[in-house]
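Residue numbers (the working numbering), protein chains in the order written: chain A, 1 to 289; chain Y, 290 to 515; chain L, 516 to 769. Below: one structure, written as structure tokens.
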Amino acid sequence: MEIQITGLTKQFGDVPALRGVDLTIPSGMFGLLGPNGAGKTTLMRILAGILHASAGAVRVGTHDLSTDAGRQAVKWILGYLPQELGVYPDLTGTEFLEYIAILKGMRDGARRRARVAQLIETVGLEDAARRQLRTYSGGMKRRIGIAQALLNDPRLLIVDEPTAGLDPEERIRFRNMLVALAGDRTVLLCTHIVEDVAQTSHRVALLLGGRVVFDGTTTGLAQAADGRVWSLDSSGPAPSGDLTVVSAIAIERGMRYRVVSEVPPAGASAVAPTLEDGYVAVMQKRRAA
Amino acid sequence: MTALAFESRRLGWPALVAPLFAVLALCFFGLLSQVIGAPAQTDRVLSAIVQVGSMVGGIAAVSAVASDPAIELRLSLPRSVRRSVLLRLLLALLWSSAVIGFATELLHELGRLTSEIPDAPLADQLEWLPPLLLLAGVGALTAVATRAATAGAGVVAAAWVLSNLLSQLWSSVTWLTPLWIALPFDPADPARWYWNRITVALVGMACLAITAVLLGRPEHLLAAER
Amino acid sequence: MSAFLGALRYEFCMQLRRRSVWVSIGFALVLLFALFSRSGPPERVLPPADTALRLVGNASFFLPVAFGILLADRWRRERSLGTLELLDSLPASLGARLWGKYFGATIATMIPLLLAFALFMLYSGVRIGDATLVRFLPLIFVVVIAPGLLFVAAFSIACTEWLPVPLYAVLFTGYWFWGNLVPPERMPTLNCTLLTPIGEYPAAAFFQHTDVGCFNGQSIPIALGLASIALLLATGALALFALQAYITRRAAAR
């Protein structure tokens, strides 16, 4: 299922959140990256049928999101995990999932309960399923959020910061689950954690100030930093100037800096770029422009 | 559990307990009047259920439309938020009406209702039902329009207290009298009272209809006051 | 002290910015204007201070109901927003936070209320030919109205630790009607006692406003006015101390 976004604009009063976004999201995993306030959550809310676009067109498969019917149709095939998932603290994990399943139109009680039990197991909450959500830790709430998104076996899955609050093992497990789910589905992964995109997605887009500043493959994004990534060992002050220090590691005689910069700092050697370097390089270029 | 059971849980036990509590409180004070030697007041105290009921129903309605902690998730689901909230609102109104209506009928049957309304079928129910609809409508509309449940509760409480005060002023302002929920029955002009009941109920239902329209605007619902 | 002042300042700002505060009191004021739009001057000429007290009395029968409800969710809010844990981790004491919240939120809610009283007095003053009646408001507000408001605010903040807000709203509205407006000859009530938050004792003792309400012209000594104020403030403080003690004990038991 392909998502086609053309000239998408969203204004909140005088504040523009999206400024003419053009993007095609094919089936499979798709990563969406961008700094805070770039418009990622607004874009996700529009795709989830929660917000209406101020201008432009969005089509999810054959459904036109500018119409009520189109938005409603998408909701039937959607799994959505918002960044800040509110839950009902007085319900148990099982009850919460069952309630959301009812609201997702799963009428057959036996099938619904079986699906809830299956997902509870998938997210590893069997022991906590009968406890009220008010007793859940942040990571457990995230897991219940993931489970609710998968209840209706969605063809379009939109997840906003899904791995925030999960421990490393859970994060890896969830990433693998997303990749396994992708297949012929469309999975839109919005995150600040570049590593999550690097490990799951072939395609990625970068949003900055409500505009798409990169749209391509993860390899392409990493290549955006070709010839701009340097490693520098120094016992003096941290390198400064028109550059971004991506990492700083203490070594035996000082510090080892990984730097993204158009001009190599004195004494630095070139290194192969990663996806994170590519992200930094694109942001650097755009901000300079 | 069914959707109805889940929505009644979302409505919350305070909204369900409040009408029962109001009835019990009046019974307590009625009993107290009896015990301390003011039995003449007992029936007046018990009959206050027809006034108190509308306020209780109004605040229960505000609870029903109060902001939802999972609103963003709810807005992404195929069953509309409007449908769920209206179901909660309906539950709150039906439950409050059932409790108040039963208490009123019981007092009527026991001959304890100090009402001047002629003994017509269900006439006593008109004392509280239209005001309940009006306060529920105004409270729900205020809560949804401002996305602040406290504003709805404040408006219901202030309107209710003011309606039960300053009778002369309510009567003197011609354009406001049709909305006066505590208009006393005048045996000399019963039509005025019946028209008042119709107007009050219709305005309440109009407010509920506008509330339903506002509940269909997702961007509005996302901006709740907390 | 700085934690108390910090809590007071920011609770004040947050409460003053709430839509509900302005909407509820604005609605009540509009209703009041509408009701008094047809009323003429009093039947007999009264001293200006007495007229001012009558006007304030009309509004103070019901404006504090909205006031009490607007404060009822302030204490519970920390739990629903998830900020309680953060606040508990700070070095500021529970007492500083609680009393800072109480005074900050209460003073903030008093501002639109005072404004409503002032507008109503100006409006009524112009209608009855004495626009300067509003000059009595600051003193009347401090002596007659504020003690009752502080009393109500303390219970609104304390009771919602145990009662859900909607249930408290119903009980509080019922209490207000019963404790201030029901004549004592009709049923046992707190009305016409020193604990009446509507301020009948201070009004009678300090302004000799005795021809309406409970006193039938009987004069009330200043000591009783002072006693009523002291009792209202002390009872309110007691409610907050009880809340503080309860939370401290609960925290110790954890």
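The beta carbon of each residue, even a glycine, is placed where N, CA and C say it ideally should be.
Beta bridge counterpart(s) of residue i as assigned by DSSP
i	result
Thr-92 (chain A)	A:Gln-132
Val-260 (chain A)	A:Val-229 and A:Thr-244
Cys-190 (chain A)	A:Leu-32 and A:Asp-160
Met-529 (chain L)	Its beta-bridge partners do not exist; DSSP assigns none.
Ala-205 (chain A)	A:Leu-32 and A:Asp-215
Val-15 (chain A)	A:Phe-12
Gln-4 (chain A)	A:Thr-24 and A:Arg-59
Met-255 (chain A)	A:Ser-234 and A:Ala-250
Selection from the options that minimises the alpha carbon distance to residue i
i	options	result
Ser-452 (chain Y)	L:Leu-568, L:Leu-523, L:Ala-574 and L:Ser-517	L:Ala-574
Leu-181 (chain A)	A:Gly-267, A:Val-21, A:Thr-62 and A:Thr-200	A:Thr-200
Ala-225 (chain A)	A:Glu-262, A:Ser-240 and A:Gly-236	A:Glu-262
Ala-446 (chain Y)	L:Leu-520, L:Pro-579, L:Arg-532 and L:Ala-518	L:Pro-579
Ile-735 (chain L)	L:Gly-751, L:Pro-717 and L:Gly-583	L:Pro-717
Ser-234 (chain A)	A:Ile-249, A:Val-179 and A:Thr-244	A:Ile-249
Leu-503 (chain Y)	Y:Ser-369, Y:Glu-296, Y:Ala-329 and Y:Ile-487	Y:Ser-369
Arg-130 (chain A)	A:Thr-219, A:Leu-33, A:Leu-91 and A:Ala-101	A:Leu-91
Phe-12 (chain A)	A:Leu-188, A:Met-44 and A:His-52	A:His-52
Val-345 (chain Y)	Y:Leu-382, Y:Arg-377, Y:Val-324 and Y:Arg-363	Y:Leu-382
Ala-646 (chain L)	L:Gly-619, L:Gly-615, L:Val-536 and L:Leu-570	L:Leu-570
Ala-752 (chain L)	L:Ala-720, L:Gly-663, L:Leu-547 and L:Thr-708	L:Gly-663
Ala-512 (chain Y)	Y:Leu-472, Y:Arg-436 and Y:Val-354	Y:Arg-436
Val-450 (chain Y)	L:Leu-748, L:Leu-665, L:Thr-725 and L:Thr-688	L:Thr-688
Gln-733 (chain L)	L:Cys-707, L:Tyr-525, L:Ala-631 and L:Glu-600	L:Cys-707
Ser-231 (chain A)	A:Pro-265, A:Leu-221, A:Glu-276 and A:Leu-150	A:Pro-265
Ser-385 (chain Y)	Y:Leu-309, Y:Ser-460 and Y:Glu-361	Y:Leu-309
Gly-493 (chain Y)	Y:Thr-463, Y:Trp-417 and Y:Leu-510	Y:Trp-417
Glu-361 (chain Y)	A:Thr-41, A:Leu-275 and A:Asp-196	A:Thr-41
Phe-318 (chain Y)	Y:Trp-302, Y:Ile-338 and Y:Thr-439	Y:Ile-338
Residue i (DSSP reduced to helix, strand or coil)
i	result
Gly-521 (chain L)	helix
Met-29 (chain A)	strand
Gly-572 (chain L)	helix
Phe-577 (chain L)	coil
Gly-20 (chain A)	strand
Arg-155 (chain A)	coil
Gly-109 (chain A)	helix
Ser-269 (chain A)	strand
Ser-356 (chain Y)	coil
Lys-10 (chain A)	strand
Leu-664 (chain L)	helix
His-63 (chain A)	strand
Leu-629 (chain L)	helix
Val-374 (chain Y)	helix
Ile-744 (chain L)	helix
Ala-641 (chain L)	Rather than Ala, the amino acid found at residue 641 (chain L) in this sequence is Val. Three-state DSSP puts Val-641 (chain L) in a helix.
Ile-348 (chain Y)	helix
Val-282 (chain A)	helix
Thr-439 (chain Y)	helix
Leu-313 (chain Y)	helix
Same chain only: Cβ atoms within 6 Å of residue i, ignoring 5 sequence neighbours per side
i	result
Arg-401 (chain Y)	Asp-332 and Leu-335
Gly-505 (chain Y)	Arg-371
Val-728 (chain L)	Strictly speaking, residue 728 (chain L) in this sequence is Gly, with Val absent from that position. Glu-715, listed in sequence order.
Leu-430 (chain Y)	Cys-496, Ile-499 and Thr-500
Gln-330 (chain Y)	Ser-322
Leu-544 (chain L)	Ala-631
Leu-523 (chain L)	Gly-615, Phe-618 and Gly-619
Residues near residue i in its chain [Cβ-Cβ closer than 7 Å; skip 5 each side]
i	result
Val-649 (chain L)	Ala-633, Met-636, Leu-637 and Gly-640
Ala-48 (chain A)	Leu-78, Tyr-80 and Ile-158
Leu-18 (chain A)	Leu-8, Thr-9, Lys-10, Gly-39, Thr-42, Leu-43 and Gly-210
Within-8 Å CB hit, residue i to chain B
i	result
Gly-443 (chain Y)	Chain labels in this structure do not include chain B; the protein chains are A, Y and L.
Residues near residue i in its chain [Cβ-Cβ closer than 8 Å; skip 5 each side]
i	result
Arg-134 (chain A)	Pro-89 and Asp-90
So does the stretch 688-704 of chain L actually touch the stretch 633-647 of chain L, counting three or more Cβ pairs closer than 8 Å? no
So, does the stretch 270-287 of chain A touch the stretch 205-219 of chain A, judging by three or more C-beta pairs under 8 Å? yes
Does the structure place the stretch 117-127 of chain A close enough to the stretch 76-84 of chain A that three or more beta carbon pairs sit under 8 Å? no
Counting beta carbon pairs with one atom in the stretch 651-660 of chain L and one in the stretch 679-699 of chain L, are three or more of them shorter than 8 Å? no
Does the stretch 50-70 of chain A touch the stretch 2-20 of chain A, meaning 3 or more C-beta pairs lie closer than 8 Å? yes
Whether or not the stretch 580-592 of chain L and the stretch 610-621 of chain L are in contact is what I'm after, with contact meaning three or more pairs of Cβ atoms, one per stretch, closer than 8 Å; do they touch? yes
May I ask you to verify whether the stretch 95-103 of chain A touches the stretch 173-192 of chain A, counting CB pairs closer than 8 Å and requiring at least 3? no
Evaluate contact between the stretch 320-329 of chain Y and the stretch 392-407 of chain Y, counting only Cβ atoms and requiring at least three cross-stretch pairs below 8 Å. no
Within the chosen definition, does the stretch 182-197 of chain A reach the stretch 148-168 of chain A through at least 3 CB pairs nearer than 8 Å? yes
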